[in-house]
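Asker: Chains A and B, in that order, give the protein sequences. Those letters in the first sequence? Residues 211 to 621, per the working numbering, in order. Those letters in the second sequence? Residues 34 to 263, per the working numbering, in order.
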Amino acid sequence: MFNIIKISFRNLYRQKRRSFLTIGIVAFGVLAVLLFTATAGSFKNFMISEITDSMLGHIQIHGKGYVSSLDNLPLDNTIKATQINKMAQILDEIPEIESYTYRILLGGMVSNYLESTSAKISAIIPAKEKKVAPLLEARLQEGNFLRKGEILLPEIIAKGFKSKIGDDIVLIATNVDGSVNGLPLKISGIMESVVGPTGKYGYIHFDDAKSILRMDEMEVSEVAIRLKNFNDLEKVYSILNEKLGSIKNKNDKPIFEIHTWEKLSPFYSIANMIDMMSLFIKIILIGIVLVSIMNVMIMAVYERTKEIGSISAMGTLPSKIRLMFLFEGLFLGIYGSIIGIIISLIAIFIVNISHITVSFGRNSNILLQPKVSLAQIGLTALIVIFVAIIAVLEPAFKASKLEPIEALRQN
Amino acid sequence: MSLISCNDITKIYKVGEVEIKALKNISLEISKSKFVAFIGPSGSGKTTMLNLFGVLDKPTSGTLKVIDTDISKLNYVERAKFRGEHLGFIFQNFNLIPVLTVYENVEYPLIMVKSIPTKARKEKVLSLLDAVGMLDQKDKLINQISGGQKQRVAIARALTTDPKIVLADEPTANLDHESAYKVMRLMKKLSSEIGTTFIFSTHDPKIVNEVDITYTIEDGALIKREERSN
Ligand SMILES: Nc1ncnc2c1ncn2[C@@H]1O[C@H](COP(=O)(O)OP(=O)(O)OP(=O)(O)O)[C@@H](O)[C@H]1O
Ligand SMILES: [Mg+2]
Chain A
211 MFNIIKISFR
221 NLYRQKRRSF
231 LTIGIVAFGV
241 LAVLLFTATA
251 GSFKNFMISE
261 ITDSMLGHIQ
271 IHGKGYVSSL
281 DNLPLDNTIK
291 ATQINKMAQI
301 LDEIPEIESY
311 TYRILLGGMV
321 SNYLESTSAK
331 ISAIIPAKEK
341 KVAPLLEARL
351 QEGNFLRKGE
361 ILLPEIIAKG
371 FKSKIGDDIV
381 LIATNVDGSV
391 NGLPLKISGI
401 MESVVGPTGK
411 YGYIHFDDAK
421 SILRMDEMEV
431 SEVAIRLKNF
441 NDLEKVYSIL
451 NEKLGSIKNK
461 NDKPIFEIHT
471 WEKLSPFYSI
481 ANMIDMMSLF
491 IKIILIGIVL
501 VSIMNVMIMA
511 VYERTKEIGS
521 ISAMGTLPSK
531 IRLMFLFEGL
541 FLGIYGSIIG
551 IIISLIAIFI
561 VNISHITVSF
571 GRNSNILLQP
581 KVSLAQIGLT
591 ALIVIFVAII
601 AVLEPAFKAS
611 KLEPIEALRQ
621 N
Chain B
34 MSLISCNDIT
44 KIYKVGEVEI
54 KALKNISLEI
64 SKSKFVAFIG
74 PSGSGKTTML
84 NLFGVLDKPT
94 SGTLKVIDTD
104 ISKLNYVERA
114 KFRGEHLGFI
124 FQNFNLIPVL
134 TVYENVEYPL
144 IMVKSIPTKA
154 RKEKVLSLLD
164 AVGMLDQKDK
174 LINQISGGQK
184 QRVAIARALT
194 TDPKIVLADE
204 PTANLDHESA
214 YKVMRLMKKL
224 SSEIGTTFIF
234 STHDPKIVNE
244 VDITYTIEDG
254 ALIKREERSN
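1. Quickly, what does DSSP pair A:A557 with across the bridge? List them, please.
2. Answer with buried or exposed for B:T151, where buried requires no fewer than 16 other C-beta atoms within 10 angstroms of its C-beta.
3. Between the alpha carbons of A:I553 and A:A248, how many angstroms are there, rounded?
4. Please list the terminal residues of the continuous beta strand (DSSP E) segment that includes A:I465.
5. Among all residues, which have a Cβ less than 7 angstroms from at least one non-hydrogen atom of ligand 2, and in what chain order do they fall?
6. With B:F68 as the anchor, note down where its beta strand (DSSP E) starts and where it stops.
7. Taking DSSP's pairing of strands, which residues face A:L266 in a bridge?
8. Got a sec: is the Cβ-Cβ distance from B:M145 to anything in chain A below 7 angstroms?
9. I want to see whether chain B comes within less than 7 angstroms of A:L592, judged by CB atoms only; does it?
10. Going along the chain, which residues of its own chain have a beta-carbon closer than 7 angstroms to the beta-carbon of A:I624, five neighbours each way excluded?
11. Please report whether the beta-carbon of B:A113 lies at a distance below 7 angstroms from any beta-carbon of chain A.
12. Using DSSP's beta-bridge definition, name the partner residues of A:D378.
13. State the CB to CB distance for the pair B:S35 and B:E62, rounded to an integer number of angstroms; the pair is presumed to be in contact (CB under 8 angstroms).
14. Rounded to the nearest angstrom, what separates B:N138 and B:A187 at their Cα positions?
15. In chain order, what residues of the same chain have a beta carbon less than 6 angstroms from the beta carbon of A:P344, not counting five sequence neighbours either side?
16. Identify, in the order they occur along the chain, each residue of the same chain with its Cβ nearer than 6 angstroms to the Cβ of A:T470, setting aside the five sequence neighbours on each side.
17. Is B:I198 helix, strand or coil by DSSP?
18. By a C-beta neighbour count over all protein chains shown, 10 Å radius and 16 as the cutoff for buried, is B:N84 buried or exposed?
19. Terminal residues of the continuous beta strand (DSSP E) containing A:M319?
20. Just grab the DSSP bridge partners of A:A434 for me.
21. Around the Cβ of B:S224, are there at least 16 other Cβ atoms within 10 angstroms (buried) or fewer (exposed)?
22. Counting only the same chain and skipping the five closest in sequence on each side, list residues whose C-beta sits under 7 angstroms from that of A:I294.
23. 7 angstroms is my cut-off, CB to CB: does B:S97 come that close to chain A?
24. What does the Cβ neighbour count give for A:H204, buried or exposed, with the cut at 16 atoms within 10 Å?
25. Counting only Cβ-Cβ distances shorter than 8 angstroms, please list the residues of the stretch 504 to 537 of chain A near chain B, keeping chain order.
26. CB of B:S75 to nearest heavy atom of ligand 1: below 6 angstroms?
27. From what residue to what residue does the beta strand (DSSP E) around A:L350 run?
28. Going by beta carbon distance, what residues of the same chain come within less than 8 angstroms of A:K396, once the five residues before and after it are set aside?
29. Taking the alpha carbon of A:A419 as the reference point, which residue from A:A383, A:L589, A:K438 has its own alpha carbon closest?
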């Protein structure tokens, strides 16, 4: 066996330039895959955490049917006090949940006494909100985070009103019974808009919402949950679905609906596209490895026909001849992977130290911090090596099946 | 005891509709420790003959026994095993493995065809390299030595597995006259020393003086057998 490997290995040196070129092509494919996955992955993770941490949270719970009528911000489809208690008990028992918070979403008018405009408002409990959406505060363009009696104005409205921090404003809203109320508030800050469902909302304190909407009891439109580990998303989602989904109302309809961030953010489809592209690049890699290795190995068998004939005449078994070529192809794959991985790591390192930023939507300076996991490297190498073996199978079998007389007659 | 026994062998090649009778009703016996030559003009059937003796091919009709084995009964892999076990080959174009050194080429059959332990292998290879006068060149690669030297290495390689028969199809055709003569002499010497039967083909009628038995074939038919008594 060792001798077969030795011969296979030395065979790479027969056509140095050709072997080198093939290894180079394979390495280039590996580089393309790893660099893309690392970079796109870094971009994707950045965007996901940006979206979940700056507004959505990882998972949200609403009253059944709420999300599909989100545009109207219905106040008659809230989660009521008794249900909140039941739900809170369940949430408290799930260890993967880091924290959760309540929100009331409402539509209304804001007026600075000169002009007015419609606005969508999210009423939050600041201390809890910060735990669930730690980046929310980072969206403050100026001013301070929220206290009772204050409002965080979305930047579009602030611009339209030419508002300054500390200005007075009135929020007017209609409650579930149809009565209209107003509440004077002070502008404590201006929020940067982001892509996403509540990306252009203003923020007020939860208690202020209760008073303007004349809610006597606790009522919430939305519960946002943050997990300790983002990777537990699916797991917690199914736990919640099972435990909360089984809570039914008098008409035997479920009370709650549960959504992961993916179902709530349009970025999910972009994240999916990134994954698709990364798959696509892997398929191209497979093509590159397949074609280039098969090509050189077919050439090699053709060139060495006579030699194969002679070792076959001497009694070398077909299986050994096959192995000889298999190893040769395998070496091309292994070398290509190793060199590709080394170059990729260097490239990724360079991207990291050169602080390259890209812009996406309103995020103008997303710092690219490509990271590649050992699993990704391993997977890529495995794909290459596996495909190399597939590519060399046909030529190797062809070589092992050569009739020695025919092969020896070749010139 | 006969190493090779042919009984009324015919070999027909079919090329499309055309049948080429490469060998016609050949019967002969070759016994141990002989230095045997097949002589004949181009296309007479020498290679065809040696391919049959070398268990690389099967006769179209007639029976051929090589070392008491009816070779037409063997399948592809069995024939390969048989060749590895009992036969040695020397080729016109040497067909040494260019990526291996002289030493490794001679060692090759001992690893790839027979599995011989390292120490015994080394002794065997070195003694054979010594016998063919290539010991001092053992670490060179094949393209660093001359044609005559290549054929000496090929002879050593053919003998490593202690074959009963060594088959050589025009082993000297690619060599100049002097090298050809030396190679011939070497084969003859080893043949008598080791007791291996050498069967080779050649165009060269002058070779007759060197060999024990000469078969002359023409147009696929055996026309003459000469035995030279020492
Ligand atoms: N594979 C084959 N298919 C068809 N015809 C063949 C084949 N091999 C040999 N022949 C024919 O059989 C005849 C004998 O060929 P063979 O090669 O045995 O001759 P040879 O004596 O070795 O000739 P040379 O001295 O040129 O090597 C020739 O007519 C040749 O054309
Ligand atoms: Mg011939």
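Here a beta-carbon is modelled for each residue, glycine too, at the ideal position from N, C-alpha and C. All values reported here derive from a predicted model rather than from experimental measurement.
Answerer: With the structure as the only source:
1. Answer by DSSP bridge pairing: none, since A:A557 is not bridged.
2. Here B:T151 is exposed, its C-beta having fewer than 16 other C-beta atoms within 10 Å.
3. Taken atom to atom, the span from the alpha-carbon of A:I553 to that of A:A248 is near 13 angstroms.
4. Unbroken run through A:I465: none, as it is neither H nor E.
5. Qualifying residues, in the order they occur: B:K79, B:T80, B:D202, B:E203, B:S234.
6. Element bounds for B:F68: 68 to 72.
7. A:L266 is not bridged to any residue.
8. Yes, its Cβ sits closer than 7 angstroms to a Cβ of chain A.
9. Under the 7 angstroms criterion on CB atoms, A:L592 is classed as non-interfacial with respect to chain B.
10. Residue 624 of chain A lies beyond the range of chain A shown here (211 to 621); nothing can be said about it.
11. B:A113 counts as touching chain A.
12. Answer is A:K396, bridged to A:D378.
13. The beta carbons of B:S35 and B:E62 sit about 4 angstroms from each other, so the pair counts as a contact at 8 angstroms.
14. Approximately 8 angstroms between the Cα atoms of the pair.
15. Excluding positions up to five away in sequence, the list reads D263.
16. Once the five neighbours on either side are set aside, the close Cβ partners of A:T470 are I269, L443, Y447.
17. The three-state secondary structure of B:I198, taken from DSSP, is strand.
18. That one is buried.
19. For A:M319, the enclosing beta strand (DSSP E) begins and ends at 307 to 321.
20. DSSP lists A:Q270, A:T311 as partners of A:A434.
21. So B:S224 counts as buried.
22. Excluding positions up to five away in sequence, the list reads M428, V430.
23. Checking the displayed sequence, the identity of residue 97 of chain B turns out to be Leu instead of Ser. Taking Cβ atoms only, chain A never reaches closer than 7 angstroms to B:L97, which makes this a no.
24. Here chain A comprises residues numbered 211 to 621, so residue 204 of chain A is not present and cannot be evaluated.
25. Cβ contacts with chain B come from K516, E517, G519, S520, I521, S522, A523, M524, G525, T526, L527, P528, K530.
26. The answer is yes for B:S75.
27. That run of the beta strand (DSSP E) goes 350 to 353.
28. For A:K396, same chain residues with a beta-carbon under 8 angstroms away, outside a window of 5 residues either side, are G359, E360, I361, G376, D377, D378, I379 in chain order.
29. It is A:A383.
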